[in-house]
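In short: position in the sequence shown from 1, add 14, done, that's my numbering.
For every residue, glycine included, the Cβ atom is placed at its ideal position computed from N, Cα and C.
Worksheet: the structure to be examined is printed underneath.
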Amino acid sequence: MPPKQAATKVGNRRPVIAGRLFLYVFGAVLRYDSRMSLTLYNTFSNKDEEFSPIEEGKVSMYTCGPTVYGRPHIGNYSSFLMADLLRRWLEVSGYAVTHVKNITDVGHLVADADEGEDKIEKQAKQEKADPLAIARKYTEQYLEDEKALNMLEPQYRPKATETIAEMIGIIETLVAGGHAYETKDGVYFAVESFPDYGKLSGNILKNLTAGARVEVKEEKRHPADFALWKKCIGANAHHKLRWNSPWGEGFPGWHIECSAMSQKFLGKQIDIHTGGEDNIFPHHECEIAQSECSGPKPFVRYWIHKRRIDIGSTSSPRGVQKMSKSLGNVVTISDIQEMGYSPLDLRYYLLSVHYRTQLKFTKKGLDDAKKARRKIMEWMAEVEQSPRSDADITSWKQKFSSAMNADINTPEALASVFDLMAYSRNEGVLGACREMADIIRRTFGCFDTQQEQAIPTEVLALVQEREQARSKKDFEASDRLRDDIAALGYEVRDLPEGQKITPM
Ligand SMILES: [Zn+2]
């Protein structure tokens, strides 16, 4: 079943690209190659699997976004960067990716639990501010950090507070189907109604029951039953953000938010769902239960999770610990800048380690990343300045692609870049590496010049669409798209190598 596509918007008007397409941007030719075989490690099957999307040439991808109650730390960003890298590689490989990354601005309770305070309402009390003002403030800060880390803008960035009707709709379906029930304080999902519960995380019900305490006041039928909707009564009587529902005034549980937001924009079945490994349980396990009991199976074809980041050393008093806000050992983007590094040095550092390797963050590691990034950028500048050459470097391109296609093996891909740097200098074939340099630049996103960063994705999407029109000799559409691009402040010139884009 193809996913139901949401209303088209400019950033989503990317054509399916097969074969080769040349796009001339600031003197550089970017070539889109036919799709190659990509394998990804699927947390659900615990296996490397060949990637094959629901709809040929298209990828629907959902990333669990931030809960906006404070500034995310670099461990959180390492997970978002992994998703950004995967999306970039899919796009470089020719897929049209629709990426949804949400903002959680209500319903995420402390300790990811069913009881306790809402993280945002708690922060609002501390700062003596309105919860929505808190969410706005930390959303803005988050978006600034994303920009500094050169992450691509998702096609859709829904907020939980704007998707309440869809959540209520799914909960009603679950109640009607016998998968959820109402209690005094909310509506809960009945885990025993879903035999596959535990398949993602391995937390099968038998294990969860052992040692779990059943809180009688919750009236839960099983200790692992989780909240879909919390009523504004008892401990939550003063919850500020509240909506009417068939079960009275209340607010959603955290897990239902992602089921609703992914379904709204990507349809009931999606290709890729990403998140940090901390999200596997309970968050993603619960998302599967909700989505598959209210829609078709599988909800997600490939579950991709980023390993966590550690900090500290064995000789320090606290030893090596997971980087976490609750442990008070977090490093933020501002800390990185104050240490004298660019956020793009951090981007390189976090992406240079394989996403399923547990990175221990050190200043030495960041320092090495900064030096390596500089070396690659110097080489890219030399490539740009060298006269064009048609020496054959196909095997180098294949090495890079095979590494990226092997479950996004970035250490191997970067090793091939350093080998190519040495080879191209020794053999005097720098001028043959322009296309390769662009593939590396677009894949990693940390070698961009300021000018390239400034080209908005919607302009690039229109340029791609125009290329398609030109190849079909549809000059009317081509002229109209030139005007659309001009309206966004960019001039297109048609050169023998392709289109050249410059700011007007
Ligand atoms: Zn989520």
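Query                                                                                                                        : Result
Nearest-angstrom Cα separation, counted from GLU131 out to GLU229                                                            : With a pLDDT of 49 at GLU229, under the threshold of 50, the modelled position of this residue cannot be trusted, and the question is left open.
Residue from VAL506, LEU280, ALA162 whose Cα sits closest to the Cα of GLU69                                                 : LEU280
Distance between TYR55 and GLU64 (C-alpha atoms, nearest Å)                                                                  : 9 Å
Backbone CA spacing between ASN293 and GLY354 [nearest angstrom]                                                             : 32 Å
GLN304, buried or exposed, once every other Cβ within 10 Å from all chains shown has been counted against 16                 : buried
C-beta atoms of ASP462 and ASN164 nearer than 9 Å                                                                            : yes
Cβ pair count under 8 Å reaching 3, the region 127-143 against the region 251-263                                            : yes
Straight-line Cα distance separating ASN440 from GLY121                                                                      : 58 Å
Backbone secondary structure at PHE208 - three-state DSSP                                                                    : coil
Three-state secondary structure (DSSP) of GLN155                                                                             : helix
Alpha-carbon spacing of PRO425 relative to SER416, whole angstroms                                                           : 12 Å
Segment limits, alpha helix (DSSP H) that includes LEU474                                                                    : 471-485
For review: beta carbons within less than 6 Å of any heavy atom in ligand 1                                                  : CYS78, CYS272, HIS297
Inter-residue Cα distance where the pair is ALA388 and VAL345                                                                : With the sequence shown as reference, residue 388 is identified as Arg, and Ala is not the correct amino acid for it. One C-alpha to the other measures close to 23 Å.
PRO80, buried or exposed, once every other Cβ within 10 Å from all chains shown has been counted against 16                  : buried
Inter-residue CB distance, LYS320 and SER66 (contact presumed, cutoff 8 Å)                                                   : Not a contact, Cβ separation roughly 22 Å.
Backbone secondary structure at ASN56 - three-state DSSP                                                                     : strand
Assigned exposure category for LEU188 - 16 Cβ within 10 Å defines buried                                                     : buried
THR382 - partner residues in DSSP beta bridges                                                                               : Here residue 382 turns out to be Asp, not Thr, going by the sequence shown. ASP382 pairs with nothing; no bridge assigned.
Collapsed DSSP secondary structure at ILE515 in the structure displayed                                                      : strand
Start and end residues, beta strand (DSSP E) containing PRO266                                                               : 264-266
Contact test: LEU123 Cβ vs ligand 2 heavy atom, cutoff 8 Å                                                                   : For ligand 2, the structure offers nothing, since it holds only ligand 1.
Inter-residue Cα distance where the pair is ALA500 and SER276                                                                : 33 Å
Span separating the alpha-carbon of GLY445 from that of ILE454                                                               : 15 Å
Spatially closest choice to ALA475 from ASP126, VAL111, SER74, LEU52, by CA coordinates                                      : VAL111
Segment limits, beta strand (DSSP E) that includes MET450                                                                    : Unbroken run through MET450 is the alpha helix (DSSP H), 448-458; no beta strand (DSSP E).
ILE148 versus PRO357, ALA194, ALA249, GLY84, residue with shortest Cα-Cα distance                                            : GLY84
Own chain residues within Cβ distance below 6 Å of ASP488, not counting five before or after                                 : none
Length of the line joining the Cα atoms of THR175 and ASP421                                                                 : 35 Å
Chain-order list of residues whose beta-carbon lies under 7 Å from that of TYR363 (same chain, five-residue window excluded) : GLY379, LEU380, ALA383
Chain-order list of residues whose beta-carbon lies under 6 Å from that of SER438 (same chain, five-residue window excluded) : LEU444, CYS447
Where SER74 sits in the DSSP three-state scheme                                                                              : strand
Endpoints, beta strand (DSSP E) assigned at GLU64                                                                            : 61-64
Neighbourhood of THR328 by C-beta, 7 Å cutoff - its chain only, sequence neighbours within 5 removed                         : VAL334
As assigned by DSSP and simplified to three states, the class of LEU502                                                      : coil
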